[in-house]
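Novice:
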Amino acid sequence: MTVLTVRRPDARELLDELVAVHGEVHREPRFAGIDYFSDERFRDRLVVALRQPGFELVAAFDGDEIAGYLYGWALPRWTRWWTPLKTALPSSVTEETGSRTVFIQEIMVRRPWRGNGIARTLHDDFLAHRAEERGLICVQPDNEPARSAYLRWGWSPVARTAFTDGPEFDCLLKPLRGQM
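So for the sequence shown, the working numbering puts the first residue at 2; every next one is plus one.
If you want it as structure tokens, here you go:
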């Protein structure tokens with residue numbers, strides 16, 4: 002097995018490659034026909050994410066080839082992130098300070114490297130370097146492998162999204178520092 006290295010590259014310099022990896026991962030049959038997962042929509046989301054406070058990309062490399070990556074950022078005090086939920090949550094959960102919650106937007110590992118703990122390595126490395134109190138991650142309810150992994154890794158479901166232009170996602174929180 003090849004030894005992988007974990008790096009924090011400049012996502013702007015790898016934008017096309019990151020979109021290509023996303024496209025490869027989301028060409029699987031379960032994503033077919035869902036516009037939300039198109040390369041164009043992903044590129045748009047990634048470009049917006051790059052401008053978010055505390056944005057960070059963590060990637061696993063096999064030589065010069067990306068095996069997988071994760072990115073996220075701190076939810077700002079003025080975020081509207083919590084508004085598209087099916088059920089409203091109390092302000093004690095949704096109030097943000099700019100340093101309370103880090104949101105993991107994407108974790109993806111390319112098929113040849115799956116089953117080697119890369120997603121967990123990226124996840125743990127990313128969170129170990131964050132100063133926020135808690136993490137937020139979303140997963141499609143029918144993505145059982147990812148959902149089960151997140152639950153094993155200490156995440157707890159709190160809500161489900163209600164986007165009008167995308168699939169539903171379960172929102173999960175995880176304490177990182179102190180109490181939530």
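All C-beta atoms, glycine included, are put in the ideal place defined by N, C-alpha and C.
Predicted model only: the values in this text are computed from it and were never measured.
Suppose only complete runs of 3+ residues qualify. What are the beta strand (DSSP E) ranges in the segment 69–136, listed by chain order?
Specialist: Fully enclosed beta strand (DSSP E) runs of 3 or longer: 102–110.
Novice: Near F127, what residues of its chain come up, given a Cβ to Cβ distance below 6 Å and the 5 sequence neighbours on each side ignored?
Specialist: If we look at F127 and ignore the five residues flanking it on each side, its Cβ neighbours are V59 and L71.
Novice: Could you tell me the distance, in whole angstroms, from the CA atom of E97 to the CA atom of K87?
Specialist: About 19 Å.
Novice: Using a Cβ-Cβ cutoff of less than 6 Å, which residues in the same chain neighbour V110 once the five nearest sequence positions on both sides are dropped?
Specialist: Closer than 6 Å at the Cβ level, and outside the excluded window around V110, lie G69, I119 and A120.
Novice: Of the residues R161, L177, P176 and R178, which one's Cα is nearest the Cα of F170?
Specialist: Nearest option by C-alpha distance: R161.
Novice: Could you name the residues of the same chain whose beta carbon sits closer than 8 Å to that of R13, not counting the 5 residues immediately before and after it, in chain order?
Specialist: For R13, where only same-chain residues beyond five positions count, the Cβ hits under 8 Å are L51.
Novice: Run through the DSSP bridge pairs and tell me what A160 is partnered with.
Specialist: Answer by DSSP bridge pairing, in chain order: C172.
Novice: Could you please give me the residues that DSSP links to T165 through a beta bridge?
Specialist: According to DSSP, which records beta bridges pairwise, T165 is partnered with nothing at all.
Novice: Give me the Cα-Cα distance between L177 and R153, rounded to the nearest whole angstrom.
Specialist: In a straight line, the C-alpha of L177 is about 15 Å away from that of R153.
Novice: Under the DSSP definition of a beta bridge, which residues are partnered with I67?
Specialist: I67 pairs with F62.
Novice: Around the C-beta of E25, are 16 or more other C-beta atoms found within 10 angstroms, so that it is buried, or is it exposed?
Specialist: Exposed, since its Cβ has fewer than 16 Cβ neighbours within 10 Å.
Novice: Give me, in chain order, the residues of the same chain whose beta-carbon lies closer than 8 Å to that of W74; leave out the 5 immediate sequence neighbours on both sides.
Specialist: Excluding positions up to five away in sequence, the list reads A50, Q53, P54, G55, F56, E57, V103, F104 and Q106.
Novice: State the Cα-Cα distance for the pair L76 and G34, rounded to the nearest angstrom.
Specialist: Distance between the alpha carbons of L76 and G34: 30 Å.
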